[in-house]
Structure formats: C-alpha cells, structure tokens
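Down below is the structure, laid out as structure tokens.
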Amino acid sequence: MLLIECPYCGKRPELEFVYGGEAHIARPAAQMEVTPGQWAAYLYARSNERGVHAERWRHTRGCARFFNALRDTTTDQFLATYKIGAARPPAGPAQESP
Amino acid sequence: MQLFSALTLLKEGLSGQRGWRAQWRSPEPKSSYDAVIVGGGGHGLGTAYYLAREHRLTRVAVLEKGWIGGGNTGRNTTIIRSNYLFDESAALYDHALKLWESLAQVLNYNVMFSPRGVMMLAHSVHDEQIIKRHVHANRCNGVDNEWLTPEEAKAFCPALNIEHNIRYPVLGAALQRRGGTARHDAVAWGYARAADSLGVDIIENCEVTGINRGADGAVDALETSRGLIRTRKVGVCAAGNTSVVMNKVGVRLPLESFPLQALVSEPLKPVLPCVVMSNGIHAYVSQSDKGELVIGAGTDAYTSYTQRGALHVSTHTLEAICELFPAFRRVQMLRNWGGIVDVTPDRSPIIAKTGVPGLYVNCGWGTGGFKATPGSAHVFAWTIARDEPHPINAPFTIERFRDGYLIDEAAAAAVAH
C-alpha cells in the first residue's frame, strides 16, 4: 500500500484516496465554437505517460478535497503533491519516506 | 517447417530426440520490409502470420522490445469467450472464437484450446437482469449462451457455493459452453513458428525509438534499437505501451494503461471443470491443465507501467473467490504478477487506420485481449494489407469517440471484463 501525501492532511494510506485521472486537462471555454474533434480530445485523449505523470487524486475518506500529484508511472513513486490551481512543479526528487 | 505429428514424435523418441530444430529463426533485421508489426505478442505475431498467409505479404517483420509472448500474452488468465452484448463486439469476439476452434490444426501447434465452458454468475436482481439481457442478445447474434439456475450452475461446477447465507449468493448464471481456455504461450509460439515458416522475420530485443514520416506525411521508416528499418506500413500491437509508441509520432489516443493482476495457486487435483466469472464481486477463476487455480480480477485503480499491482486489490479478489469456493480457503498462492492493459473509455478495442498514412493501430483491448487474439490478428492483417478495415473491425475506429458511436461494453458489463 502506498502512502500518499495529501497537501491538507499529510501522509495517509492509499485506501483513503480515489484516483482522478490525468490532471491539467482544461474544459474548452468557448463551448459553442468547439468542434467534435476538440470535444473528443478533451473528453478522451490522454497522454498516458510512461514516466512522470501529473494526475488528480481525491482524499475521499479524509478531507474529501481534490489535489494534484506527480507520480512516476514506471515505479509508482510520488514525486510531489500540490493543491488544485497551483502550477505543476518541476519533477524533483521523490518524497522522502516517513 | 518441421511438422509436428504422432509420427515425428515417435521417430524422435526412437532416435534420442536429437532431430528437433529451432521453431523459428532469429534473424538480423533487414534494411526494409513491406510491413512491420510493432509488438511480438499474440496479436502482433498473429497479424504477421495472416499478412503472410492470407495477403501474400512475405517481407514482414515483427519487432519485439523484449521476448515474444513476454507481455500480456504470457500474463493473462487465458479465458476465451464471445458472449458480449453489442452486435459489433459479438461479431468480433465470435470471429475469434471460431478461429480458436481450428487454430491448433491450422498452425500445426497444440494451443490446448479447451472449450470447457465459461460461467458468469449473477448475485443480485440487477445482475440477473443484465445477464439475461446478454443471453438473449447473444442468442439473437448466433452466439451460444444460456441461463442456468443456481442448482444447474452447481451441477455444472460442483465446487460452487450456492448457499443463501453468503454475502453475495448465487442467483443464477450464464453459461457459454463454447468458451474456455487455451495455453497462452503456445499461441505466441504457434503463430511465431507458422509466420516464420512463411518468411516473416521475428526480431526480439528490438525497441522502436522513433517513427519517421516522409515528405507526403506517410510513414517511411522506423528507428529502432537495432538500426533504421524502412517500411511504408506499420502495424502497432503494443498493448499497454501503445501510447508510448504512438506518442513518438504525435498521435494521442483515448487510452490509459493500468496494471491488471493475476495469481496462480499451488497445483491441485481437478476441482474446477469450467471457468467461473463474477462481474458483481469482481473475480474470475479457472484451473489450468497443470492443476493450478488461475485467478484474476479487475484492474488496479491508477495508471501505471509497473507490471505489478497493489496488494489490497488482489486481496479483495481472493476474498471473493474464497466465499464462492469455500474449499479454496486453505489453498496457497504461488505467484502474483501484473500486466499492463490499455483501456479505452468504452472498453472496446481500436483496430483501425490512424491519421498518419501507413500507420495502423490495434489496441485498447483492456482486460480482455487474449480471447480475441486470432480474430483481432486476422482483421488487423486485412486492414493493413488493404488499407481499409475488414467489415468486422470497421466500427472499431478511433473516430468513434469523436462521432459518438461508442461500443459501450463498459456500461454493458458495469465493470472491467
């Protein structure tokens, strides 16, 4: 079981969290002008990164708040977690073990 | 190709087994091919085989970054069935099932296809309704599937617990008698041997590092860890790593890669005569010919390429299995592993042309690709050779996500399938 650092609550076991998919995918603003291809890209196309992946998590069984994380999908190691709305941090070294 | 038969077996037995030859060559890559398949699993090797046999393309290579059959082909739980809800899926998976039925003879390779029956359990009124809907839809499509009462299910599979006092009691089951299992490694090896004998080059330890396009925008070469290979047709069968390959040419696909775990137990005497699946409690189990219980479930919760998974996910699966089969409680698990499966939003595959001329993709099989291997390979070879889809895979485009023509087996099954 992974320990995931919620930016609000600190390190908690993985079971308290729900994965929320790729982060930083913005809904198209000008909805009336969006083509079907742009909708499909927003709804379905994913980078599916093999390496550092920016993704959403929700601390459902804790504070219930969403946050973002950088995780290396080749090791499942979390490199950073940050609040929604914050810019993606540079992929630094992994978080230290407690 | 050295044909396998009772006679050659006898001859080799009498002459000290010294006459067996390697089943396929291990050639150096040539500088160019008519078509190159990226990914040496069952789907890729099968595609190369059908390209050579049915479409007379003999200058074909299969590039595999590891060893053939070492990815999901060697990691799945070998279940074969075709009882999918929608017409498009039923046509595709039943095409595969029909090819499975004669595959050992066609390839002269014992793929140990065993149509022992696949039983899908219902645990609630909702399950019962949706499974009966599947049964009726399948029968309209000429796919065998029948409804069993709990007593009939237990008669077919005596180890099953049909007591009413368990947390998820068995209210009935659907049974596809033509479904079953096959030997996964043998599928890769059988296709590899047959394709090789038709002149296909199988090149292992060869990773694609780039896809080059010519002035006309079409594919014209692959950069690989073993040098540049020129080709005008590339078929990508890279399963969980499809996004990685396609990102090299800037094609973003509606795919996410998740670990899917499986486990095998210590070998037991024959105890489970069929495949038992439960979508409701998320577990499936069969018994291999070696006697091991082969167990699987749904994917892990988050995307990953680690080929392992979280312990609590497999624990959940085993809890379900132990409740359905109380006799298995004290069985020890020997191995647990993961494969990386590429999942589409509607849980149906993509077997299609891409926006790049000469580049074709066969992906998105999610948790259920093994069963489709021969059918998938057959229609994908057609698509590559003729530059147009076979009628069976015509609905399985990338554009269906743009145009809204989803083949929503995800909603039909309510879980991974």
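The listed protein sequences correspond, in order, to chains E and C.
Basically this note's numbering = 1-based index in the first sequence + 2.
Basically this note's numbering = 1-based index in the second sequence + 1.
Cβ atoms here follow ideal geometry from the backbone N, Cα and C, with glycine treated the same way.
Residue j and residue i - do their beta-carbons sit closer together than 8 Å?
i                   : j                   : result
valine 277/C        : leucine 122/C       : yes
alanine 175/C       : valine 136/C        : yes
asparagine 70/E     : threonine 62/E      : no
isoleucine 38/C     : cysteine 238/C      : yes
alanine 36/C        : threonine 232/C     : yes
glutamate 65/C      : isoleucine 167/C    : no
alanine 91/C        : asparagine 139/C    : yes
glycine 42/C        : glycine 72/C        : yes
arginine 76/C       : glycine 340/C       : yes
glycine 67/C        : threonine 374/C     : no
arginine 52/E       : asparagine 242/C    : yes
valine 344/C        : phenylalanine 259/C : yes
glycine 236/C       : isoleucine 408/C    : no
phenylalanine 397/C : proline 327/C       : no
valine 220/C        : isoleucine 212/C    : yes
serine 377/C        : alanine 97/C        : yes
glutamine 262/C     : alanine 298/C       : yes
leucine 229/C       : serine 244/C        : no
leucine 264/C       : asparagine 337/C    : yes
tyrosine 303/C      : tyrosine 21/E       : yes
valine 250/C        : arginine 214/C      : yes
tyrosine 34/C       : arginine 57/C       : no
glycine 281/C       : histidine 44/C      : no
leucine 422/C       : glycine 191/C       : In this structure chain C extends from 2 to 418, so residue 422/C is not present and cannot be described.
DSSP puts residue i in a beta bridge; with which residues?
i                : result
valine 431/C     : Outside the shown range of chain C, which is 2 to 418, sits residue 431/C, and nothing can be said about it.
arginine 268/C   : Checking the sequence, you will find proline at residue 268/C rather than arginine. BP columns for proline 268/C point to Glu293/C.
aspartate 74/E   : Val54/E and Gln79/E
tryptophan 190/C : None; tryptophan 190/C has no bridge partner.
valine 284/C     : Looking at the sequence shown, residue 284/C is not valine but alanine. Answer is Ser279/C.
glutamine 262/C  : Gly339/C
leucine 1/C      : Outside the modelled stretch of chain C, which goes from 2 to 418, sits residue 1/C, for which no answer is possible.
tryptophan 59/E  : Tyr21/E and Phe69/E
cysteine 364/C   : Ile351/C
alanine 420/C    : Past the boundaries of the shown model lies residue 420/C; chain C is included only from 2 to 418, so the question cannot be answered.
Here's the rule I'm using: 16 or more other beta-carbon atoms within 10 Å means buried, otherwise exposed. How should residue i be labelled?
i                : result
cysteine 275/C   : buried
valine 209/C     : buried
histidine 185/C  : buried
methionine 120/C : buried
proline 100/E    : With a pLDDT of 44 at proline 100/E, under the threshold of 50, the modelled position of this residue cannot be trusted; read the value that follows with caution. Exposed.
threonine 316/C  : exposed
histidine 55/E   : buried
tyrosine 406/C   : exposed
asparagine 206/C : exposed
glycine 70/C     : buried
proline 30/E     : exposed
glutamine 130/C  : exposed
tryptophan 101/C : buried
histidine 124/C  : buried
valine 286/C     : buried
histidine 418/C  : Low per-residue confidence applies at histidine 418/C: pLDDT is 45, beneath 50, and the placement is therefore not dependable enough to give any value.
threonine 37/E   : exposed
leucine 172/C    : buried
glutamine 177/C  : buried
aspartate 128/C  : buried
valine 188/C     : buried
valine 78/C      : As written in the sequence, residue 78/C is threonine, which differs from the valine given in the question. Its Cβ being crowded by 16 or more others within 10 Å, threonine 78/C is buried.
arginine 48/E    : buried
lysine 12/C      : exposed
alanine 311/C    : buried
arginine 401/C   : buried
leucine 15/C     : exposed
aspartate 217/C  : exposed
Would you say the beta carbon of residue i is closer than 7 Å to some non-hydrogen atom of the ligand MN?
i               : result
histidine 124/C : This structure lacks the ligand MN, and indeed carries no ligand of any kind.
Which residues, in chain order, does the region 51-66 of chain E contribute to contact with chain C at a C-beta distance below 9 Å?
Per Cβ criterion, the list reads Glu51, Arg52, Gly53, His55, Glu57 and Trp59.
Can you pull out the residues from the region 295-307 of chain C whose beta carbon lies closer than 7 Å to at least one beta carbon of chain E?
In summary, the residues of the region 295-307 of chain C whose CB is separated from some CB of chain E by less than 7 Å are Ala302, Tyr303, Thr304, Ser305, Tyr306 and Thr307, in the order they occur in the chain.
If you measure beta-carbon to beta-carbon, which residues of the region 246-276 of chain C are closer than 8 Å to chain E?
Asn248, Arg253, Leu254, Pro255, Leu256, Glu257 and Ser258
Can you list, in chain order, the stretches of the beta strand (DSSP E) that have 3 or more residues and sit fully within the region 33-67 of chain C?
36-39 and 61-64
Under 8 Å, CB to CB, which of the residues in the region 31-50 of chain E have a partner in chain A?
The question asks about chain A, but that chain is absent: this structure's protein chains are E and C.
Could you please tell me which residues of the region 322-350 of chain C, in chain order, have their CB closer than 7 Å to any CB of chain E?
Pro346
Under 7 Å (Cβ pairs) to chain E, residues found in the region 173-200 of chain C
Residues passing the 7 Å Cβ filter: none.
Under 8 Å, CB to CB, which of the residues in the region 74-93 of chain E have a partner in chain C?
From the region 74-93 of chain E, only Thr75, Thr76, Thr77 and Asp78 have a Cβ closer than 8 Å to chain C.
Please identify, using Cβ separations under 8 Å, the residues of the region 42-71 of chain C that lie next to chain E, in order along the chain.
none
Taking any Cβ of chain C, which residues in the region 7-23 of chain E have a Cβ under 8 Å from it, in chain order?
Glu16, Leu17, Val20, Tyr21 and Gly23
Mind listing, in chain order, the continuous alpha helix (DSSP H) runs of no fewer than 4 residues lying wholly within the region 61-132 of chain C?
88-108
Chain E contacts from the region 111-134 of chain C (Cβ-Cβ distance under 8 Å)
none
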